[in-house]
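Residue numbers (the numbering used here), protein chains in the order written: chain A, 1 to 175; chain B, 176 to 346.
Ideal placement from N, C-alpha and C gives every residue a C-beta, glycine not left out.
None of the values given here were measured: they were computed from a predicted structure.
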Amino acid sequence: MSQWFMLTLVGKDQAGIVAQVTTALYEQGCNLGEASMLRIGGNFTMMLMIAFDGQSDALAERLQPLAEKLQLQLHFDPIEGELHHHQQSDVLLMVHGADRAGIVAQVTSKLADAGLNIVDLASDVGGNEDNPFYIMQIEGVATQGIERLEQALQELLQQQPDLKVTMKPIDTMVM
Amino acid sequence: MAILEILKYPDPRLKTISEPVTAFDETLQTFIADLDETMNASPGGVGIAAPQVGQFQRIVIVDVSSKKKIKHHGYMVLINPEITEWDGFEIAREGCMSVPDYTGNVIRATQIHLVAQNAEGETIEYDMEGYEARAVQHELDHLDGLLFIDRLVSRRRDLFQRKVYKKKDKK
Numbered sequence: 001m002s003q004w005f006m007l008t009l010v011g012k013d014q015a016g017i018v019a020q021v022t023t024a025l026y027e028q029g030c031n032l033g034e035a036s037m038l039r040i041g042g043n044f045t046m047m048l049m050i051a052f053d054g055q056s057d058a059l060a061e062r063l064q065p066l067a068e069k070l071q072l073q074l075h076f077d078p079i080e081g082e083l084h085h086h087q088q089s090d091v092l093l094m095v096h097g098a099d100r101a102g103i104v105a106q107v108t109s110k111l112a113d114a115g116l117n118i119v120d121l122a123s124d125v126g127g128n129e130d131n132p133f134y135i136m137q138i139e140g141v142a143t144q145g146i147e148r149l150e151q152a153l154q155e156l157l158q159q160q161p162d163l164k165v166t167m168k169p170i171d172t173m174v175m
Numbered sequence: 176m177a178i179l180e181i182l183k184y185p186d187p188r189l190k191t192i193s194e195p196v197t198a199f200d201e202t203l204q205t206f207i208a209d210l211d212e213t214m215n216a217s218p219g220g221v222g223i224a225a226p227q228v229g230q231f232q233r234i235v236i237v238d239v240s241s242k243k244k245i246k247h248h249g250y251m252v253l254i255n256p257e258i259t260e261w262d263g264f265e266i267a268r269e270g271c272m273s274v275p276d277y278t279g280n281v282i283r284a285t286q287i288h289l290v291a292q293n294a295e296g297e298t299i300e301y302d303m304e305g306y307e308a309r310a311v312q313h314e315l316d317h318l319d320g321l322l323f324i325d326r327l328v329s330r331r332r333d334l335f336q337r338k339v340y341k342k343k344d345k346k
């Protein structure tokens with residue numbers, strides 16, 4: 001059975017990164033699992049699950065020239081690759097406010113204490129240089145119930161009145 | 176009665192367009208009973224379509240009565256169903272017994288008018304909304320060989336804008 005690896009690549013964004021990286025992996029006999037690829041602050045970031053039969057050192061060595069050509073930082077680590085066991089998020093949170101340090105730490109600490117297990121978090125800085133705003137979308141599992149999170153949010157909004165936070169249950173219809 | 180095997184994506188048979196039902200006979204009643212039992216064998220399942228068990232006939236069962244605080248019509252066997260009117264739209268998350276371990280956001284009409292036949296072949300009509308209307312649209316898609324993954328919209332960018340409530344407003 002092949003071993004799973006997590007390949008992380010980060011570098012200045014340019015057209016064609018995904019095609020060149022995944023073609024190289026395919027040609028080396030890799031099979032891709034779940035992946036996240038995203039442009040963040042002008043950088044392109046890739047996290048890929050890769051199943052590979054051969055020696056990991058050999059694969060990393062073969063990828064190195066391509067990473068150098070594309071000016072990507074490369075990390076390559078063996079992982080326990082878990083497929084087919086997705087956690088179903090049952091709550092969605094939107095947070096925004098004038099940008100300042102500490103928003104993510106304050107919001108997620110409060111929610112973690114109330115049992116939120118984050119499955120997906122995407123955040124962005126919008127606005128302009130003079131008036132940046134911070135906006136964050138979080139999906140997760142309310143391991144202690146949504147009531148607990150609602151309580152935590154009320155407390156959070158009292159402590160951090162500059163933030164707007166909305167929460168909605170994700171009611172997945174199964175048919 | 177029997178629990179039938181659910182076809183699972185990427186089984187190509189799920190793309191089959193199902194045929195109208197013409198005989199409302201004993202065979203049909205037996206099949207409906209099996210389909211119902213199969214639906215109930217899946218935890219949280221609120222609907223099932225005949226092609227999900229490899230029977231390519233225009234038959235679905237929808238029952239969202241387990242869901243609290245919504246308008247619904249209870250247990251419905253819908254044969255040769257047609258949606259004749261649509262109104263409004265909403266994004267919400269769906270999953271499917273035929274698409275294990277994956278859920279996604281889908282846009283559906285919020286109000287529909289539905290014409291169908293019941294298990295005895297009598298014409299029935301419903302005005303439906305919200306959750307029940309969504310379930311019916313999902314099931315009817317199966318009859319035309321469509322899965323919710325054929326209708327996905329972005330997970331990250333679609334913000335469930337409708338019906339998002341502010342914490343302070345809710346009590």
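Discussion item. Need the endpoints of the beta strand (DSSP E) that residue 38 of chain A sits in, please.
Written reply: The continuous beta strand (DSSP E) containing residue 38 of chain A extends over residues 31-40.
Practice prompt. Using a Cβ cut-off of 7 Å, pull out every chain A residue sitting near residue 233 of chain B, in sequence order please.
Written response: Among the residues of chain A, none has a CB under 7 Å from the CB of residue 233 of chain B; the nearest is roughly 16 Å distant.
Fill in: Supposed close pair residue 263 of chain B, residue 286 of chain B - CB separation, criterion 8 Å
Taking 8 Å as the upper bound for CB-CB distance, residue 263 of chain B and residue 286 of chain B are in contact here, some 5 Å apart.
Discussion item. Cβ closer than 7 Å: which chain B residues qualify as neighbours of residue 170 of chain A?
Written reply: Simply 268.
Fill in: Length of the line joining the Cα atoms of residue 241 of chain B and residue 250 of chain B
So the alpha carbons of these two residues sit roughly 10 Å apart.
Worksheet item: For the region 289-321 of chain B, which residues have a CB atom closer than 9 Å to at least one CB atom of chain A, in sequence order?
Response: Flagged, chain order: 306, 309, 310, 313, 314 and 317.
Discussion item. On the DSSP letters alone, give me the boundaries of the alpha helix (DSSP H) that residue 305 of chain B sits inside.
Written reply: Unbroken alpha helix (DSSP H) run through residue 305 of chain B: 305-318.
Fill in: Rounded distance between the beta-carbons of residue 194 of chain B and residue 232 of chain B, thought under 8 Å
That pair is a contact at about 6 Å.
Practice prompt. Pull up the distance between the alpha-carbon of residue 197 of chain B and that of residue 296 of chain B, whole angstroms please.
Written response: When rounded, the separation of the alpha-carbon atoms in residue 197 of chain B and residue 296 of chain B is 9 Å.
Discussion item. Rounding to the nearest angstrom, what Cα-Cα distance links residue 14 of chain A and residue 253 of chain B in this structure?
Written reply: Going by C-alpha positions, residue 14 of chain A is about 52 Å away from residue 253 of chain B.
Discussion item. As a quick exercise: from A/146, A/61 and A/83, pick the residue whose alpha carbon is nearest that of residue 168 of chain A.
Written reply: Minimum Cα-Cα distance from residue 168 of chain A among the listed residues A/146, A/61 and A/83 corresponds to A/146.
Worksheet entry | chain A residues whose Cβ lies nearer than 7 Å to that of residue 278 of chain B | Contact of residue 278 of chain B with chain A by beta-carbon distance below 7 Å involves 88 and 172.
Worksheet entry | Paired residues, beta bridge with residue 234 of chain B - DSSP | Answer is B/254, bridged to residue 234 of chain B.
Discussion item. Please state the DSSP three-state secondary structure of residue 131 of chain A.
Written reply: Assigned with DSSP and collapsed to three states, residue 131 of chain A falls in coil, not helix or strand.
Fill in: Under 7 Å from the C-beta of residue 220 of chain B: neighbouring residues of chain A
Within 7 Å Cβ-Cβ: 174 and 175.
Worksheet entry | N-terminal and C-terminal residue of the beta strand (DSSP E) that residue 168 of chain A is part of | Run containing residue 168 of chain A: 164-169, per the beta strand (DSSP E) assignment.
Worksheet item: By Cβ distance, which residues of its chain are closer than 8 Å to residue 180 of chain B, with the 5 residues on each side in sequence left out?
Response: 228 and 229.
Worksheet item: By the criterion of Cβ-Cβ separation under 9 Å, what are the contact partners of residue 75 of chain A in chain B?
Response: In chain B, no part has a C-beta under 9 Å from the C-beta of residue 75 of chain A; the shortest such distance is about 24 Å.
Discussion item. Let me see if you follow: with CB-CB separation under 9 Å, is residue 13 of chain A close to chain B or not?
Written reply: No - not a single Cβ of chain B is within 9 Å of the one on residue 13 of chain A.
Discussion item. Please give the ranges of any alpha helix (DSSP H) in the region 41-78 of chain A, keeping only runs that are unbroken, at least 4 residues long and fully inside the region.
Written reply: Whole alpha helix (DSSP H) segments, 4+ residues: 56-69.
Discussion item. Between the alpha carbons of residue 293 of chain B and residue 255 of chain B, how many angstroms are there, rounded?
Written reply: It is roughly 9 Å from the alpha-carbon of residue 293 of chain B to the alpha-carbon of residue 255 of chain B.
Fill in: Nearest residue (CA-CA) to residue 65 of chain A, options A/85, A/125, A/25 and A/35
Nearest option by C-alpha distance: A/25.
Worksheet item: Where does residue 137 of chain A land, buried or exposed, given buried means 16+ other C-beta within 10 angstroms?
Response: Around the beta carbon of residue 137 of chain A, 16 or more other beta carbons sit within 10 angstroms, so the residue counts as buried.
Worksheet item: From the beta carbon of residue 120 of chain A, is the nearest beta carbon of chain B less than 9 Å away?
Response: It does: the Cβ of residue 120 of chain A has a partner Cβ on chain B nearer than 9 Å.
Worksheet item: By Cβ distance below 8 Å, which residues in the same chain neighbour residue 98 of chain A in space, the five residues on each side in sequence not counted?
Response: Close CB contacts of residue 98 of chain A within its chain, under the 8 Å cut and outside five residues either way in sequence, are with 131, 132, 133, 134 and 162 (chain order).
Fill in: residue 112 of chain A versus residue 75 of chain A: straight-line alpha-carbon distance, rounded
Taking the straight line joining both Cα atoms gives about 29 Å.
Worksheet item: Given that a residue counts as buried once 16 or more other Cβ atoms are within 10 Å of its Cβ, and exposed if not, what is residue 176 of chain B?
Response: Classification of residue 176 of chain B: exposed, given that the 10 Å Cβ count is below 16.
Worksheet item: Using the beta-carbon count (16 or more within 10 Å), is residue 83 of chain A buried or exposed?
Response: Classification of residue 83 of chain A: exposed, given that the 10 Å Cβ count is below 16.
Worksheet item: Which value, in whole angstroms, describes the spacing of the CA atoms of residue 42 of chain A and residue 10 of chain A?
Response: Distance between residue 42 of chain A and residue 10 of chain A, taken at the CA atoms: about 10 Å.
Worksheet item: Just curious, the alpha helix (DSSP H) that residue 276 of chain B is in, first and last residue?
Response: Taken as a continuous stretch (DSSP letters only), residue 276 of chain B belongs to no alpha helix (DSSP H), being part of the beta strand (DSSP E) at 274-283.
Worksheet item: What residues of chain A sit near residue 272 of chain B, judged by a beta carbon separation below 9 Å?
Response: From the beta-carbon of residue 272 of chain B, the residues of chain A found nearer than 9 Å are 174 and 175.
Worksheet item: Measuring CB to CB, does residue 58 of chain A end up less than 9 Å from residue 4 of chain A?
Response: Note that the C-beta distance between residue 58 of chain A and residue 4 of chain A is not below 9 Å.
Worksheet item: On the premise that residue 170 of chain A lies in contact with residue 139 of chain A, defined as a C-beta separation below 8 Å, what is that separation, rounded to the nearest angstrom?
Response: Under the criterion of beta carbons closer than 8 Å, residue 139 of chain A and residue 170 of chain A qualify as touching, at roughly 7 Å.
Worksheet item: Which of helix, strand or coil does DSSP assign to residue 190 of chain B?
Response: Here residue 190 of chain B sits in helix by DSSP.
Item to complete: Taking residue 273 of chain B as the reference, give the member of B/266, B/261 and B/325 with the closest Cα.
Response: The candidate whose alpha carbon is nearest that of residue 273 of chain B is B/325.
Practice prompt. Assign residue 152 of chain A to one of two classes, buried (16 or more other C-beta atoms within 10 Å of its C-beta) or exposed (fewer than that).
Written response: Looking at its Cβ environment, which holds 16 or more other Cβ atoms inside 10 Å, residue 152 of chain A is buried.
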